[in-house]
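2 protein chains.
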Amino acid sequence: MKRTGFAKADCPVARALDAIGDWWSLLIVRDAFDGLRRFGDFQENLGIAKGMLTARLRKLVELGVLEQVAASDGSAYQDYVLTKRGRELFPVVVSLRQWGEANLFVRGEPHSVLVDAQGERVGRLVLPSKAGKPLAWSDTSVKKVARKR
Amino acid sequence: MKRTGFAKADCPVARALDAIGDWWSLLIVRDAFDGLRRFGDFQENLGIAKGMLTARLRKLVELGVLEQVAASDGSAYQDYVLTKRGRELFPVVVSLRQWGEANLFVRGEPHSVLVDAQGERVGRLVLPSKAGKPLAWSDTSVKKVARKR
DNA sequence: TCGAACTGGTCTCAAAATAGGACTAGACAG
DNA sequence: CTGTCTAGTCCTATTTTGAGACCAGTTCGA
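Heads up: the sequence lines are chains A and B, in that order. Its first residue numbered 1, the first sequence is counted upward by one per residue in our numbering. Its first residue numbered 150, the second sequence is counted upward by one per residue in our numbering.
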């Protein structure tokens with residue numbers, strides 16, 4: 001009766017969700033992109049139970065998404081910062097943001113926005129094709145690997 | 150002691166995760182992108198408990214991600230198909246796939262791949278800038294809305 | 001046309017995950 | 001030194017999940 005896992009799935013989507021697809025992990029990553037680094041910062045900002053946060057941070061460190069480094073303020077404490085692997089989650093966070101913006105706010109309702117260095121709102125993520133035209137869902141399909149026996 | 154919710158958060162990422170950020174919803178959506186439509190197909194393919202699946206499908210229909218339509222095979226049953234809102238989750242699923250491919254498989258380990266109409270593997274998602282150069286995490290920041298009082 | 005099997009659920013129970021808070025060891029500030 | 005802050009650990013109550021028994025309506029096969 002264990003929670004079902006997908007760590008061994010053939011599908012990268014399933015593995016990704018197995019690794020970071022819980023209620024908290026991506027919010028922690030989002031906060032890390034926002035510059036939060038300390039245990040207490042995450043805990044206060046998310047309102048997460050401390051035991052939960054401890055467990056999630058540990059898992060994210062194990063996965064290589066975050067790493068612990070000496071605190072940037074010179075104290076004896078530790079910071080949690082994104083690794084390269086963690087920073088590669090950027091498109092995941094951005095795609096969720098864009099879907100949420102477009103679908104979960106009533107017109108005119110305020111929300112935080114992602115801006116570039118000039119303060120301009122960024123455009124939408126696109127999946128480029130060889131030809132240069134962005135690919136839509138209907139232009140693609142998933143090629144499965146042969147099933148194990 | 151209810152599971153904490155983010156349905157009212159200012160941050161679109163938090164709302165998106167509140168809506169679809171659980172263990173099953175995005176896998177159901179992925180399967181829908183793969184062409185699955187029937188209750189039994191999802192149940193068999195995911196190995197999800199029926200009660201869970203019933204609850205998740207109901208929630209996805211409520212959210213407007215899926216809708217129930219008369220079965221395409223002419224039987225008296227129903228199909229679950231992606232709505233426009235559901236199809237807009239495509240970049241979310243693709244970004245998870247790409248992160249999973251790059252980070253959760255050992256070299257040479259087989260996995261399913263996303264291909265275009267010609268059978269070519271698709272490229273990576275990019276966040277375009279005005280200038281045409283793709284934006285990276287470090288080129289962006291989140292502008293928060295003023296806190297409610 | 002009838003019985004068997006399939007479909008899409010509901011219901012129940014036990015196991016696992018989560019929320020919330022009390023408690024604590026070491027760091028730090030005055 | 002003393003009190004406070006940080007980053008946890010540990011405990012308990014509650015919620016969520018997993019697994020499967022059960023069931024009504026639909027479809028199939030002979």
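Using N, Cα and C, we set each Cβ at its ideal position, and we do this for glycine too. These numbers come from a predicted model, not from an experiment.
Does chain A have any CB closer than 8 Å to the CB of residue i?
{"i": "D300 of chain B", "result": "Any answer about residue 300 of chain B is impossible in this case: the structure gives chain B only from 150 up to 298."}
{"i": "R256 of chain B", "result": "no"}
Would residue i pass as a contact of residue j if the rule is Cβ separation under 8 Å?
{"i": "L212 of chain B", "j": "A168 of chain B", "result": "yes"}
{"i": "L276 of chain B", "j": "V92 of chain A", "result": "no"}
{"i": "L284 of chain B", "j": "D31 of chain A", "result": "no"}
{"i": "A9 of chain A", "j": "R15 of chain A", "result": "yes"}
{"i": "P12 of chain A", "j": "E250 of chain B", "result": "yes"}
What is the rounded straight-line gap between the Cα of residue i and the Cα of residue j?
{"i": "S221 of chain B", "j": "V230 of chain B", "result": "11 Å"}
{"i": "F39 of chain A", "j": "Y226 of chain B", "result": "51 Å"}
{"i": "G281 of chain B", "j": "V243 of chain B", "result": "21 Å"}
{"i": "L198 of chain B", "j": "F191 of chain B", "result": "In the sequence under discussion, the amino acid at residue 198 of chain B is Ala, which differs from the Leu named in the question. Near 10 Å, if we compare the C-alpha coordinates of F191 of chain B and A198 of chain B."}
{"i": "G184 of chain B", "j": "W172 of chain B", "result": "20 Å"}
{"i": "N194 of chain B", "j": "D139 of chain A", "result": "23 Å"}
{"i": "Q68 of chain A", "j": "K292 of chain B", "result": "27 Å"}
{"i": "G21 of chain A", "j": "S75 of chain A", "result": "33 Å"}
Taking only beta-carbon atoms, is residue i less than 8 Å away from chain B?
{"i": "A102 of chain A", "result": "yes"}
{"i": "E67 of chain A", "result": "no"}
{"i": "A32 of chain A", "result": "no"}
{"i": "D10 of chain A", "result": "yes"}
{"i": "D22 of chain A", "result": "yes"}
{"i": "A71 of chain A", "result": "no"}
{"i": "G123 of chain A", "result": "yes"}
Assuming the contact rule is C-beta atoms closer than 8 Å, residue i and residue j should be a hit. Round their C-beta distance to whole Å, please.
{"i": "R246 of chain B", "j": "L263 of chain B", "result": "6 Å"}
{"i": "F182 of chain B", "j": "L166 of chain B", "result": "Between L166 of chain B and F182 of chain B the Cβ distance is about 19 Å, and since that is not below 8 Å, they are no contact."}
{"i": "N252 of chain B", "j": "R85 of chain A", "result": "5 Å"}
What residues in the region 37 to 65 of chain A have a beta carbon less than 7 Å from any beta carbon of chain B? Per Cβ criterion, the list reads G47.
Compile a chain-ordered list of the residues in the region 76 to 91 of chain A whose CB is closer than 8 Å to at least one CB of chain B. Here the close residues are R85, R87, E88, L89, F90 and P91.
Taking beta-carbon pairs under 9 Å, can you tell me which members of the region 125 to 147 of chain A lie near chain B? From the region 125 to 147 of chain A, only L125, V126, L127, P128, S129, K130, L135, A136, W137, S138, D139, T140, S141, V142, K143, K144, V145 and A146 have a Cβ closer than 9 Å to chain B.
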